[in-house]
Amino acid sequence: MISFEQALSELLSLAKKLESEVASIEDASGRILASDAITTHNQPPFDASAMDGYALQKSDKIPNKKLSVIGRVAAGGSFDGSVNKDQAVRIFTGAPLPARTDTVLIQEDAEVYGDHIVINDNIDVNDYIRKKGCDYKKGEVLLQRGKTLKSFDIALLASMNFPMVNVIRRPLVSIISIGDELVYPGSLPTNNQIVASNTFGLNSLVNKWGAVGHILPISRDNKSSINKALDLAVPADLVITIGGASVGDHDYIKEVFRDKHIETSFYKVAMKPGKPILAGKNKDTIFIGLPGNPVSALVCAHLFIKPLIGKMLGTKELANIEKQAILLNDLPANGERKHFMRGFKKDGFVEVFSKQDSSLLSILQKANSLIIRAPNEPALKKGNQISYIELD
Numbered sequence: 051m052i053s054f055e056q057a058l059s060e061l062l063s064l065a066k067k068l069e070s071e072v073a074s075i076e077d078a079s080g081r082i083l084a085s086d087a088i089t090t091h092n093q094p095p096f097d098a099s100a101m102d103g104y105a106l107q108k109s110d111k112i113p114n115k116k117l118s119v120i121g122r123v124a125a126g127g128s129f130d131g132s133v134n135k136d137q138a139v140r141i142f143t144g145a146p147l148p149a150r151t152d153t154v155l156i157q158e159d160a161e162v163y164g165d166h167i168v169i170n171d172n173i174d175v176n177d178y179i180r181k182k183g184c185d186y187k188k189g190e191v192l193l194q195r196g197k198t199l200k201s202f203d204i205a206l207l208a209s210m211n212f213p214m215v216n217v218i219r220r221p222l223v224s225i226i227s228i229g230d231e232l233v234y235p236g237s238l239p240t241n242n243q244i245v246a247s248n249t250f251g252l253n254s255l256v257n258k259w260g261a262v263g264h265i266l267p268i269s270r271d272n273k274s275s276i277n278k279a280l281d282l283a284v285p286a287d288l289v290i291t292i293g294g295a296s297v298g299d300h301d302y303i304k305e306v307f308r309d310k311h312i313e314t315s316f317y318k319v320a321m322k323p324g325k326p327i328l329a330g331k332n333k334d335t336i337f338i339g340l341p342g343n344p345v346s347a348l349v350c351a352h353l354f355i356k357p358l359i360g361k362m363l364g365t366k367e368l369a370n371i372e373k374q375a376i377l378l379n380d381l382p383a384n385g386e387r388k389h390f391m392r393g394f395k396k397d398g399f400v401e402v403f404s405k406q407d408s409s410l411l412s413i414l415q416k417a418n419s420l421i422i423r424a425p426n427e428p429a430l431k432k433g434n435q436i437s438y439i440e441l442d
């Protein structure tokens with residue numbers, strides 16, 4: 051049995067960053083950028099009006115000044131001539147500034163008399179010009195590789211005139227639940243059956259973390275069925291089995307790993323929940339066997355699979371960051387295994403739930419944090435500081 055830290059290190063050593071692929075920006079939200087996004091033009095590409103009004107020379111922006119209006123220009127258009135002294139051009143927001151103009155008089159500051167205007171007494175002295183390149187200039191790196199693309203990033207890429215973008219390929223993850231007692235939601239369980247729940251919670255998580263989850267049919271608790279399930283699971287970057295990994299008479303997953311020539315990296319971790327976890331690799335596919343208890347499986351997913359997917363995607367955004375909070379209740383001394391307790395954190399304080407059984411999904415559903423207890427840690431009192439990581 052190895053420590054949690056050693057197990058995580060060994061698991062991450064099995065992974066490598068996946069290759070890149072090209073995706074449409076319409077489909078790129080949530081994807082990881084594979085290369086820097088470098089601008090190919092200035093934005094805006096010309097000096098543009100920031101308001102509706104009149105483009106003129108700044109020396110003519112004088113109260114009670116009379117100006118001839120010699121044309122108009124709207125966004126998407128242009129004014130071919132130049133504007134001389136005592137002249138103005140009607141201009142609209144986003145339109146390019148005509149030659150020899152250097153300010154915009156907002157329309158509220160002018161009275162219109164046919165083909166000329168008279169500037170009001172009290173005027174806004176701002177120029178209302180969006181200078182060429184004021185948003186970004188050609189050659190700038192606006193988005194760095196490794197960034198998770200969000201809505202505003204997609205808008206920026208579109209403004210940079212990138213219809214396609216290089217992103218890291220999403221890991222393919224196959225999920226197999228093992229157990230004679232399991233049925234999928236929508237079935238009518240008999241008295242000795244239960245509905246498989248962690249399968250769907252895990253699938254939701256891996257998709258949220260940027261992978262592509264694929265739920266396989268339930269494998270029965272025998273070597274033949276598990277073998278067939280693993281055959282169906284590949285090709286994949288990661289195969290996750292749930293159940294069949296402890297020490298019961300019907301827990302065959304370790305034997306099947308050996309039969310499939312999956313080189314085991316570790317088996318059993320000094321942690322709670324999640325002791326009977328194992329991991330290995332065959333060729334380019336990583337295999338992880340999670341415990342069957344719902345809470346154990348989902349807690350282990352946060353602790354192991356989340357950072358593993360992060361490494362495959364080449365991002366640090368999926369790393370679990372330890373934070374500090376103040377305890378709201380007393381805790382007894384911890385045992386020999388590192389314990390990840392479910393709790394709720396708010397405003398710098400954390401309550402550790404009294405019920406910590408690894409089968410209680412209703413407790414996990416209420417939790418937003420995993421409180422970290424070191425091996426053999428002494429009892430803690432309300433008001434003590436404690437470490438935690440956030441749950442997704």
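Letter by letter, the sequence shown follows residues 51 to 442 in this note's numbering.
Backbone N, C-alpha and C fix where the C-beta goes; we use that ideal spot for every residue, glycine too.
Here the structure is a predicted model, which means the values were calculated and not measured.
- Between the alpha carbons of ILE226 and TYR186 lies a gap of roughly 48 Å.
- In the DSSP secondary-structure assignment, ILE52 is bridged to VAL319.
- Residue state for SER346 is assigned as helix, using DSSP reduced to three classes.
- Between LYS67 and the set ASP271, LEU381, GLU386 and ILE218, the nearest pair of CA atoms involves ILE218.
- For MET362, the enclosing alpha helix (DSSP H) has its first and last residue at 356 to 363.
- Here DSSP, grouped into helix, strand and coil, assigns GLU69 to coil.
- Residue environment: ALA205 is assigned as exposed (fewer than 16 neighbouring CB atoms within 10 Å of its CB, all protein chains considered).
- Excluding five sequence positions before and after TYR178, the CB atoms of its chain that fall closer than 8 Å to its own CB belong to SER99, ALA100, MET101, GLY103, THR153, VAL154 and ILE156, given in chain order.
- For the set ILE376, LEU222, LEU282 and GLY260, the Cα lying nearest the Cα of LEU368 is the one of GLY260.
- For the pair LYS182 and ASP97, the CB atoms are nearer than the 9 Å cut-off.
- Distances from the CA of ARG122 to each of LEU381, LYS135, SER74 and HIS166 were compared; the closest alpha carbon is that of HIS166.
- For GLN415, the uninterrupted alpha helix (DSSP H) segment begins and ends at 411 to 416.
- In this structure, DSSP gives GLY260 a state outside helix and strand, which the three-state scheme calls coil.
- With the rule of 3 Cβ pairs closer than 8 Å, the stretch 278 to 291 does not count as touching the stretch 230 to 247.
- Under DSSP, THR335 shares a beta bridge with ASN332.
- In the DSSP assignment, SER201 falls within the alpha helix (DSSP H) that extends over 201 to 209.
- Counting the other CB atoms within 10 Å of its CB gives ALA208 a total below 16, which places it among the exposed residues.
- Per DSSP, reduced to three states, the secondary structure at GLY236 is coil, with no helix or strand assignment.
- Excluding residues up to 5 positions away in sequence, ALA105, PHE129, VAL133 and VAL139 lie with their Cβ nearer than 6 Å to the Cβ of PRO148 in the same chain.
- With distances taken between CA atoms, THR90 lies nearest to VAL191 out of GLY126, ASP77 and VAL191.
- Contact between the stretch 423 to 431 and the stretch 380 to 392 is present, with at least three C-beta pairs closer than 8 Å.
- Per the C-alpha coordinates, the member of LYS318, LEU348, LEU410 and SER419 positioned closest to ARG387 is LYS318.
- Residue range 303 to 309 is occupied by the alpha helix (DSSP H) that includes GLU305.
- Under the three-state reduction of DSSP output, ILE312 falls in the coil class, being neither helix nor strand.
- Beyond the five residues adjoining it in sequence on each side, MET321 comes within less than 6 Å, by CB distance, of PHE54, ARG387 and LYS388 in the same chain, given in chain order.
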